[in-house]
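Visitor: Handing you a structure now.
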Amino acid sequence: MIDTIKKYSKAINRILLFIAAILLVIYIFPRQGKFRYEYTHGRPWTHETLIAPFDFPIHKSQAELRAERENALHNFRPYFNYEPSISGQMIQFFEETYVSQLPTLLSTYPFLTNRLRNNDSKTVYNQVQELIHQKLISIYNTGLISLPEEYEELPESTVIMVVRNNFAEPYEIGEFFNYQSAYLELSTIIFDIIDKNSNVSQDQADNLISNLQLNRYLEANIRFEPERTEQERQNILRNISLTSGIVLAGQRIIETGELISEETGRILDSLRLEYETSLGRGTSHYFILAGQATIIVLLFVVIFLFLYYFRTDVYNNLLSVLFLLMMVSSMILLASISHRTDNFPIYVIPFAILPIIVRIFFDSRLAFFIHVTTVLLAAFYVSNSFEFVILQIPAGLTAMFSLFRMVRRSQLVRAAILVFLSYSLFYTGLSLWQEGDFLQINYNTYFYFLANGVLLLMIYPLIYIFEKLFGFLSDVTLVELADTNHPVLRRLAEKAPGTFQHSIQVGNLAQEAVYKIGGNPLLVRAGAMYHDIGKLWSPIYFTENQSSGMNPHDNMPYDESAQLVIHHIENGVKMAQKEKLPRQIIDFITTHQGTMKTKYFYNSYVNQNPGEDPDVSLFTYPGPTPFTKETAVLMMADSVEAASRSLKNYSDDEIDRLVENIINDQIAENQFIDAPITFKEITEVKEVFKQKLKNIYHARVEYPKLKKGK
Numbered sequence: 185m186i187d188t189i190k191k192y193s194k195a196i197n198r199i200l201l202f203i204a205a206i207l208l209v210i211y212i213f214p215r216q217g218k219f220r221y222e223y224t225h226g227r228p229w230t231h232e233t234l235i236a237p238f239d240f241p242i243h244k245s246q247a248e249l250r251a252e253r254e255n256a257l258h259n260f261r262p263y264f265n266y267e268p269s270i271s272g273q274m275i276q277f278f279e280e281t282y283v284s285q286l287p288t289l290l291s292t293y294p295f296l297t298n299r300l301r302n303n304d305s306k307t308v309y310n311q312v313q314e315l316i317h318q319k320l321i322s323i324y325n326t327g328l329i330s331l332p333e334e335y336e337e338l339p340e341s342t343v344i345m346v347v348r349n350n351f352a353e354p355y356e357i358g359e360f361f362n363y364q365s366a367y368l369e370l371s372t373i374i375f376d377i378i379d380k381n382s383n384v385s386q387d388q389a390d391n392l393i394s395n396l397q398l399n400r401y402l403e404a405n406i407r408f409e410p411e412r413t414e415q416e417r418q419n420i421l422r423n424i425s426l427t428s429g430i431v432l433a434g435q436r437i438i439e440t441g442e443l444i445s446e447e448t449g450r451i452l453d454s455l456r457l458e459y460e461t462s463l464g465r466g467t468s469h470y471f472i473l474a475g476q477a478t479i480i481v482l483l484f485v486v487i488f489l490f491l492y493y494f495r496t497d498v499y500n501n502l503l504s505v506l507f508l509l510m511m512v513s514s515m516i517l518l519a520s521i522s523h524r525t526d527n528f529p530i531y532v533i534p535f536a537i538l539p540i541i542v543r544i545f546f547d548s549r550l551a552f553f554i555h556v557t558t559v560l561l562a563a564f565y566v567s568n569s570f571e572f573v574i575l576q577i578p579a580g581l582t583a584m585f586s587l588f589r590m591v592r593r594s595q596l597v598r599a600a601i602l603v604f605l606s607y608s609l610f611y612t613g614l615s616l617w618q619e620g621d622f623l624q625i626n627y628n629t630y631f632y633f634l635a636n637g638v639l640l641l642m643i644y645p646l647i648y649i650f651e652k653l654f655g656f657l658s659d660v661t662l663v664e665l666a667d668t669n670h671p672v673l674r675r676l677a678e679k680a681p682g683t684f685q686h687s688i689q690v691g692n693l694a695q696e697a698v699y700k701i702g703g704n705p706l707l708v709r710a711g712a713m714y715h716d717i718g719k720l721w722s723p724i725y726f727t728e729n730q731s732s733g734m735n736p737h738d739n740m741p742y743d744e745s746a747q748l749v750i751h752h753i754e755n756g757v758k759m760a761q762k763e764k765l766p767r768q769i770i771d772f773i774t775t776h777q778g779t780m781k782t783k784y785f786y787n788s789y790v791n792q793n794p795g796e797d798p799d800v801s802l803f804t805y806p807g808p809t810p811f812t813k814e815t816a817v818l819m820m821a822d823s824v825e826a827a828s829r830s831l832k833n834y835s836d837d838e839i840d841r842l843v844e845n846i847i848n849d850q851i852a853e854n855q856f857i858d859a860p861i862t863f864k865e866i867t868e869v870k871e872v873f874k875q876k877l878k879n880i881y882h883a884r885v886e887y888p889k890l891k892k893g894k
């Protein structure tokens, strides 16, 4: 049982992912039914004459409802509550605090003991206490209001409702004290007392007021009531009628070819709303869900089967499947948000991002297939699905064609412009076909297309994010990796110049071959630049880096020499991982020698030890063999380029013989059985190599020497 589960674990994981994506899409799909007619305001009615099937109210438009709500709330008065208990609490708090700090105040401000000039039975501090007490009573009786942030900027003439003893009365905000005016009233009293009964400076009076901390005795007793305010606001809104008339069953609504006016459009919208809502009630609701689930499941099954039969490499990569389902679900989610939000038109959503990104990471066929499936799913959120599909599919194709290989940022800008033009031209053509008049075209839609094109520029940062999250490799990154100024390649050029030149030549050969048979030339170029970086560990042990004529292998056993050479694969992988090179580049390092033998050392060992059975594993590269078209071509190019340096005669026959022998030996040793490359393509690769080598090593005309005059 466990073995069976392990055997089918990949398929189970992918099926679970598809089920999760299906459930997500079903969850965000609209719950109501789908009106059977498609129409657009301002355009002719293209269906049969429509008769009202039942009585239904005419719903007001969102603009009308918005205007009525704004008008109803224009004179709305927020509610505040008067709390009488705060007055007594604050006055008592003042009396207790003032008495407790009186000794300190008298020692700090001796003028407080002065007798009043008009009443020598009282001192200044007695008068301060008495008048502050009275003023606090006056402030709290009038009311000290605390305004929430949204009401702070309102004028003082604004009317509010204040609830006293469960009875709401209207007041202007200016009738009450606020913290600033109440504090000013208290401080003014103290200033007047001190000024009339002492000769102290302004600074001493300010210090006294500061030490009294009058703000401690000020707490709002008229407080905002958010729950009551919201309740009253909702009551007002609930009283607004959502309808403005009724259509009776059997009444003619519109005839074929009749222009859909604003009034007729409202009636049609009302009929659609009532029809879809009625379908969402009772048992019909479950049938609607069943219909939606059937369509969604079938479309996702189509994606599943396409990957299973035509892109097994993507199907077998769990992260790739997760990425594709995430992209599809994200676009459907955006369409759902647009469907539920008035200020987010569907044509602003950059659906062309999906085929562009899938094309960059995979291929055009998969990108187009995923794009079409996503557009079909998103069309359920659009009132005019036919128009939506007609516009989105060509726009996606245009985006794919304009960014076939994205290696420069300017290509992205060009793609955005072309997508905008594609939308605009198809929309114009469709509108003229339906309207027959330029004046009837909704020109606001072109602004949506423009915003759509601008949003396409988000692709550049998204590529980087998806590369890091899912381990993908874009053409932009490949161009950066193949730059000879990369730190690893700079070290290779400095410490192993022969290997560096060899890598460049291998890249030239492999790239031309991949152009010929199809594949990713940027990938094979980048792979060629790094396939031998393991030689940096000991460059002198490789002939292309031996310039002095001294070969360290001359004094070593053949099996040890073979191991030193073979270890450049392992060393290269370690270095690549340390430098955080992509997994796809590391594949070129591990496969460029496949499971071939180091023939020079193996043959030399056998010749030196006749009759002895050598340990073949000591002379064999660890593999694996190439498993992509690009890695297979690189393996051929690497061996052919290295062997071409040993030719003594660069005639056409010698070059042809060299290429044929090396690649045929690799075929005989089953190096390409895991790679998706045909014998026809291998033959084409041979021809490219032969032609390139002949161009490199072609005979040059010997320049005549200048004869000296006698």
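Using this note's numbering, the letters of the sequence shown map in sequence onto residues 185 to 894.
Here a beta-carbon is modelled for each residue, glycine too, at the ideal position from N, C-alpha and C.
Remember, predicted model here, so these are calculated numbers, not experimental data.
Taking 6 angstroms as the limit between beta carbons, can you name the residues of its chain near isoleucine 210, skipping five residues before and five after?
Guide: Ala477 and Ile480
Visitor: What are the uninterrupted segments assigned as alpha helix (DSSP H) that are 4 or more residues long and contained completely in the segment 329-402, given in chain order?
Guide: 363-381 and 386-396
Visitor: Would you mind stating whether isoleucine 701 and lysine 781 have Cβ atoms separated by less than 8 angstroms?
Guide: no
Visitor: Straight-line CA distance for valine 384 to threonine 281?
Guide: 24 angstroms
Visitor: So if DSSP puts isoleucine 487 in a beta bridge, which residue, or which two residues, is it bridged to?
Guide: Isoleucine 487 is not bridged to any residue.
Visitor: Between the C-alpha atoms of lysine 864 and aspartate 837, what's the straight-line distance to the nearest angstrom?
Guide: 21 angstroms
Visitor: What first and last residue would you give for the beta strand (DSSP E) that runs through threonine 233?
Guide: Premise fails: threonine 233 is in no beta strand (DSSP E) and is neither H nor E.
Visitor: Give me, in chain order, the residues of the same chain whose beta-carbon lies closer than 6 angstroms to that of methionine 185; leave out the 5 immediate sequence neighbours on both sides.
Guide: For methionine 185, the predicted structure reports a pLDDT of 47, less than 50, and the residue's modelled location is therefore unreliable. The matter cannot be settled from this model.
Visitor: To which residues of the same chain is arginine 407 closer than 7 angstroms at the C-beta, ignoring the five residues directly before and after it?
Guide: Phe264, Asn265, Glu267 and Ser330
Visitor: Would you identify the three-state DSSP class for glycine 795, choosing helix, strand or coil?
Guide: Here DSSP, grouped into helix, strand and coil, assigns glycine 795 to coil.
Visitor: Hey, valine 698 and asparagine 692 are a contact pair by Cβ (cut 8 angstroms); roughly how many whole angstroms apart?
Guide: Actually they do not touch by this definition, with Cβ atoms about 11 angstroms apart.
Visitor: Assign lysine 894 to one of three DSSP states: helix, strand, or coil.
Guide: Because lysine 894 carries a pLDDT of 46, less than 50, the predicted location of this residue cannot be relied on, and the following value inherits that uncertainty. Residue state for lysine 894 is assigned as coil, using DSSP reduced to three classes.
Visitor: Classify isoleucine 242 as helix, strand or coil using the three-state DSSP reduction.
Guide: strand
Visitor: Mapping DSSP to helix, strand and coil, what is arginine 407?
Guide: strand
Visitor: Tell me the rounded alpha-carbon separation between glycine 449 and arginine 436.
Guide: 14 angstroms
Visitor: If you reduce the DSSP assignment to three classes, tell me which class threonine 812 lands in.
Guide: coil
Visitor: If we require 3 or more residues per run, which beta strand (DSSP E) segments fall completely within the segment 559-587?
Guide: none
Visitor: Smallest Cα separation from glutamine 695: which of Ala251, Thr683 and Ala710?
Guide: When only C-alpha atoms are compared, the closest one is Ala710.
Visitor: If you follow the alpha helix (DSSP H) that valine 542 is part of, which residue opens it and which one closes it?
Guide: Taken as a continuous stretch (DSSP letters only), the alpha helix (DSSP H) holding valine 542 covers 537-545.
Visitor: Scan the segment 283-314 and note each continuous alpha helix (DSSP H) run of 4 residues or more that stays entirely inside, going in chain order.
Guide: 286-292
Visitor: Where does isoleucine 438 sit, in a helix, a strand or coil, going by DSSP?
Guide: Correct three-state label for isoleucine 438: strand.
Visitor: I'd like to confirm the pairing. Which residues does DSSP put opposite threonine 427 in its beta bridges?
Guide: Threonine 427 is bridged by DSSP to His243.
Visitor: In the DSSP assignment, find the alpha helix (DSSP H) that holds tyrosine 630 and state where it starts and stops.
Guide: 628-639
Visitor: Here's the rule: buried if 16 or more other CB atoms are within 10 angstroms of the residue's CB, otherwise exposed. What is leucine 426?
Guide: exposed
Visitor: Three Cβ pairs or more, each shorter than 8 angstroms: is that satisfied between the segment 865-883 and the segment 816-831?
Guide: The segment 865-883, when compared against the segment 816-831, does touch it at the 8 angstroms Cβ threshold.
Visitor: Does the beta-carbon of arginine 301 have 16 or more other beta-carbons within 10 angstroms, so that it is buried, or is it exposed?
Guide: exposed
Visitor: Between the alpha carbons of proline 736 and glycine 718, how many angstroms are there, rounded?
Guide: 18 angstroms
Visitor: Where do the ends of the alpha helix (DSSP H) carrying phenylalanine 264 lie?
Guide: Segment 263-266 is the beta strand (DSSP E) holding phenylalanine 264; no alpha helix (DSSP H) there.
Visitor: Taking a contact to mean a Cβ-Cβ separation below 8 angstroms, would you say alanine 551 touches arginine 543 in this structure?
Guide: yes
Visitor: Below 8 angstroms on the Cβ atoms is my contact criterion, and I expect leucine 587 with leucine 483 to pass it. Report the Cβ-Cβ distance as a whole number of Å.
Guide: That belief does not hold up - the Cβ atoms of leucine 587 and leucine 483 are roughly 25 angstroms apart, past 8 angstroms.
Visitor: Apart from the five residues on each side of it in sequence, which residues of its chain come closer than 7 angstroms, Cβ to Cβ, to lysine 878?
Guide: Asp836 and Ile839
Visitor: Spatial neighbours of leucine 249 within its chain, please: C-beta separation below 8 angstroms, excluding the five flanking residues on both sides.
Guide: Ile424 and Leu426
Visitor: For lysine 894, which residues in the same chain have their Cβ closer than 6 angstroms to its Cβ, ignoring the five residues on either side in sequence?
Guide: Here lysine 894 scores only 46 on pLDDT, less than 50, and its place in the model should not be relied on; the value that follows carries that caveat. The answer is none, since no qualifying residue turns up.
Visitor: Based on Cα-Cα distance, which residue from Tyr221, Asp390 and Arg412 lies nearest to threonine 260?
Guide: Looking at the sequence itself, residue 260 is phenylalanine, so the reference to threonine does not match. Checked all of Tyr221, Asp390 and Arg412; the closest Cα to phenylalanine 260 is Arg412.
Visitor: Tell me which residue opens and which closes the alpha helix (DSSP H) that glutamine 689 is part of.
Guide: Residue range 681-701 is occupied by the alpha helix (DSSP H) that includes glutamine 689.
Visitor: So valine 603 and alanine 579 are in contact, right, with Cβ under 8 angstroms, and what is the actual spacing, rounded?
Guide: 5 angstroms
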